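**Student:** Residues 1 to 183 in this note's numbering are what the sequence shown spells out, letter by letter.
Quick reminder that beta carbons are idealized off the backbone N, C-alpha and C, glycines included.
All values reported here derive from a predicted model rather than from experimental measurement.
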Amino acid sequence: MRVCGVCGISENQDLIFSISFSKRKILINIKEDNDNPVFNICTNKDCITKARSDDLIGKVMDQTLNPKVYLEVAKAINTSSEQSLMSLLGMAQKSGSLVSGTEGVLKKVRRNAIALILLDPEISKNSLDRIQSVSEQFNCPLHFWHGSRSIDDLLNKPNCKVIGIVNPEMAQTILKKLKNNDR
Ligand SMILES: [Zn+2]
Numbered sequence: 001m002r003v004c005g006v007c008g009i010s011e012n013q014d015l016i017f018s019i020s021f022s023k024r025k026i027l028i029n030i031k032e033d034n035d036n037p038v039f040n041i042c043t044n045k046d047c048i049t050k051a052r053s054d055d056l057i058g059k060v061m062d063q064t065l066n067p068k069v070y071l072e073v074a075k076a077i078n079t080s081s082e083q084s085l086m087s088l089l090g091m092a093q094k095s096g097s098l099v100s101g102t103e104g105v106l107k108k109v110r111r112n113a114i115a116l117i118l119l120d121p122e123i124s125k126n127s128l129d130r131i132q133s134v135s136e137q138f139n140c141p142l143h144f145w146h147g148s149r150s151i152d153d154l155l156n157k158p159n160c161k162v163i164g165i166v167n168p169e170m171a172q173t174i175l176k177k178l179k180n181n182d183r
């Protein structure tokens with residue numbers, strides 16, 4: 001089990017990354033590495049900031065690391081956690097656990113069949129107002145998507161600015177990841 005070397009959390013293994021260096025190359029999420037020491041860190045931005053100011057990874061590697069390395073680690077963690085978010089959305093889509101488009105999502109929220117709503121920041125004001133009011137009424141969490149690829153591009157659904165996740169467990173995992181990425 002991986003434990004964040006900074007804050008000590010271990011509950012959500014998906015949010016903890018293992019970092020190692022091999023010939024000065026940063027390796028992320030290595031399963032086993034017998035040759036190189038490993039430092040585990042979670043996606044919380046405070047943890048990477050603290051690791052950087054105290055050179056915590058350097059201490060484990062028994063060398064002094066250039067602070068720039070920490071920027072690369074932060075970038076790699078972001079990319080990696082965004083990729084896993086994208087694959088979660090892909091899984092939701094394949095398993096029929098994803099509803100897209102304002103009307104479709106609103107209809108399902110009113111039946112309490114949506115566990116999480118994701119919005120593209122470019123959604124129209126009118127759609128946003130309608131979705132916000134229904135999500136409040138039915139107590140359905142709502143979150144903006146700030147990925148490097150837009151929702152419509154990701155799901156190959158042109159002009160899709162709203163999606164709903166049906167499966168509650170999947171929605172929980174996605175929400176946790178999103179909240180961590182925003183920190
Ligand atoms: Zn941490």
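Between Pro141 and Ala171, what straight-line distance do the alpha-carbon atoms span, to the nearest angstrom?
**Tutor:** When rounded, the distance between both Cα atoms is 9 angstroms.
**Student:** Which of the three DSSP states is assigned to Ser127 in this structure?
**Tutor:** Residue state, collapsed to three classes: helix.
**Student:** Closest by CA to Ile163, which one among Lys176, Phe138, Glu103 and Leu178?
**Tutor:** Nearest C-alpha to Ile163: Glu103.
**Student:** Any chance you could list the alpha helix (DSSP H) runs of at least 4 consecutive residues sitting entirely within the segment 50 to 110, in chain order?
**Tutor:** List check, alpha helix (DSSP H) in window: 56 to 61, 67 to 94 and 102 to 110.
**Student:** Less than 8 angstroms separating the beta-carbons of Cys179 and Leu85?
**Tutor:** It should be noted that the sequence gives Lys, not Cys, for residue 179. Cβ distance not < 8 angstroms, so Lys179 and Leu85 don't count as in contact.
**Student:** Report all residues from its chain with a CB closer than 7 angstroms to the CB of Arg52; omit the five preceding and five following residues, and keep chain order.
**Tutor:** Here the set comprises Pro67 and Tyr70.
**Student:** Closest to Val166 by CA distance: which of Pro158, Leu175 and Asn159 is it?
**Tutor:** Checking every option, the nearest Cα to that of Val166 belongs to Leu175.
**Student:** Under 5 angstroms, CB to any heavy atom of ligand 1. Which residues pass, going along the chain?
**Tutor:** Result: Cys4, Val6, Cys7, Cys42, Asn44 and Cys47.
**Student:** To the nearest angstrom, report how far apart Met1 and Pro37 are at their CA atoms.
**Tutor:** Distance between the alpha carbons of Met1 and Pro37: 16 angstroms.
**Student:** Spell out the partners DSSP gives Asn36 in its beta bridges.
**Tutor:** DSSP, once it has assigned bridges, lists no residue as partnering Asn36.
**Student:** Below 8 angstroms between beta carbons: does that hold for Asn29 and Ser81?
**Tutor:** Not closer than 8 angstroms, so no.
**Student:** Thinking C-alpha only, which one of Arg149, Gln13 and Leu88 is nearest Asp120?
**Tutor:** Among Arg149, Gln13 and Leu88, the Cα nearest to that of Asp120 is on Arg149.
**Student:** What three-state label does DSSP hand Val6 in the structure shown?
**Tutor:** Three-state DSSP puts Val6 in coil, outside helix and strand.
**Student:** Strictly by DSSP, which residues pair up with Leu142?
**Tutor:** Leu142 pairs with Ile117.
**Student:** Less than 8 angstroms between the CB atoms is what I'm expecting for Val73 and Asn40, so what's the real figure, rounded?
**Tutor:** So it is not a contact: roughly 12 angstroms between Cβ atoms.
**Student:** Starting from Leu154 and walking both ways along the alpha helix (DSSP H), at which residues does that stretch end?
**Tutor:** Its alpha helix (DSSP H) spans residues Ile151 to Leu155.
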